[in-house]
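As structure tokens, the structure follows; a few thoughts come after it.
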Amino acid sequence: MSQTIPDAATALRRGDLVILPTETVYGLAADAGNAEAVARIFAAKGRPRFNPLIAHVDSIEAAAQVGVMTPFAEALAARFWPGPLTLVLQARPDGPVCDLARAGLDSVAVRVPGHPLARAVIEGFGGPVVAPSANRSGRPSPTTFADAVDETGAATSVALDGGDCEVGLESTVVSLLGDRPRLLRPGSVTRAELEAVVGPLEGDAGEGHRSPGRLTLHYAPDAPVRIEATDAGPGEILLGFGPGVGDPRWSLSSTGDLTEAAARLFRLLREADREHPTGIAVAPIPDSGLGEAVNDRLRRAAGFVG
Ligand code: TXA
Ligand code: MG
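So for the sequence shown, the working numbering puts the first residue at 100; every next one is plus one.
Below, the structure written as structure tokens:
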């Protein structure tokens with residue numbers, strides 16, 4: 100497989116798929132305006148067609164051509180872009196993101212990624228690029244190049260190696276469709292960081308308001324996941340957190356650092372899975388700050404509604 104930024108841009112123009120590194124997780128990218136290319140993403144991931152994709156753009160101006168930037172959206176974009184924040188906006192009629200990518204909704208999710216390779220590809224391509232996480236649907240998002248290629252590389256003609264993803268969890272998703280911003284998916288931009296910019300977020304009004312993609316069993320390895328565990332049961336691997344909890348090889352962070360735990364979570368779930376344990380037990384993680392996003396992914400991996 101070829102590896103250069105111009106190759107990736109050319110592949111996207113041709114309607115091919117590209118493995119694209121971002122600061123959060125690896126994406127499976129296509130031309131947002133090409134319905135055939137977008138259909139190949141859904142097929143490669145085994146993704147339900149009701150689950151819309153995120154359009155990745157290289158500037159606030161480009162985002163404003165995709166969706167309507169409200170004053171709250173402007174404030175969040177000014178503070179967090181480029182970076183791991185996705186905004187759900189009213190889609191512009193005749194905007195550049197095809198119907199299939201939006202799953203037929205009149206809203207659209209958009210973000211400006213921070214990873215230099217992702218930005219260079221979007222710039223080189225010259226338009227919005229849709230990129231869901233590069234895993235097959237329902238599996239943990241890939242945070243290393245090897246895992247991304249392993250999951251969906253076969254469907255691509257170009258795969259760019261950007262090294263390990265710095266954040267390790269998918270972007271925070273915020274809806275700007277209501278009177279106040281609403282958190283649809285916790286991520287590395289925390290609730291407190293969002294509220295420092297826009298004030299209190301809209302309260303949680305249940306599943307109906309969540310992202311269509313927030314399926315209960317998600318981010319799941321093959322082995323069953325047991326959360327809030329204090330010990331490994333027979334045949335289980337314990338992913339620890341904090342000093343002295345479990346085998347350091349399997350610790351999310353032996354110093355109890357949430358940023359490190361977020362960055363290592365999906366990778367350790369995958370590595371543990373490859374050992375074919377009877378289960379993966381995970382030590383309790385504090386729910387503060389980035390812990391909200393880590394626990395959200397863990398509850399889903401364990402099969403609970405988040
Ligand atoms: O960090 C990320 O966001 C990664 C990297 C590759 O950018 N991408 C990613 O995409 O996580 P994906 O497709 O795996 O997750 C997109 C989430 C889904 O939960 C989807 O339902 C939600 O965004 N979403 C997309 N469009 C939406 C919309 N119009 N309204 C509500 N939720 C939406
Ligand atoms: Mg995903």
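Glycine included, C-beta positions come from ideal geometry on N, C-alpha and C.
Given the structure is predicted, the values throughout are model-derived calculations rather than measurements.
Just measuring C-alpha positions, the residue of L204, A202 and E173 sitting nearest L184 is E173. Inter-segment contact for the region 329–340 and the region 350–362 is present: three or more beta-carbon pairs are separated by less than 8 Å. Per DSSP, L351 is one residue of the beta strand (DSSP E) stretching across S350 to S352.
A distance below 6 Å between beta-carbons, with the five flanking residues on each side excluded, links G390 to the following residues of its chain, in chain order: L357 and I384. With a cut-off of 7 Å, the C-beta of V187 is classified as near the ligand TXA, since at least one heavy atom of the ligand falls inside that distance. Between the region 155–163 and the region 257–276 there are fewer than three C-beta pairs closer than 8 Å, too few to call the two in contact.
Secondary structure remark: continuous alpha helix (DSSP H) runs of at least 4 residues inside the region 105–155, in chain order: 134–144. Fewer than three beta-carbon pairs drawn from the region 232–246 and the region 132–140 are found closer than 8 Å, and the two stretches are therefore not classed as touching.
By the criterion of at least three beta-carbon pairs nearer than 8 Å, the region 284–296 is not in contact with the region 139–151.
By the CB criterion at 8 Å, I221 and H155 fall inside the cutoff.
Along the length of the region 322–367, whole beta strand (DSSP E) runs at least 3 residues long occupy 335–340 and 350–352, reported in chain order.
Counted as a single uninterrupted DSSP element, the stretch harbouring L184 is not any alpha helix (DSSP H) but the beta strand (DSSP E) occupying residues L184 to Q189. The three-state secondary structure of R210, taken from DSSP, is strand. Between R178 and V296, the CB-CB gap stays under 8 Å. Annotation: the continuous beta strand (DSSP E) that includes L282 extends over R281 to R284. Under the three-state reduction of DSSP output, G223 falls in the helix class.
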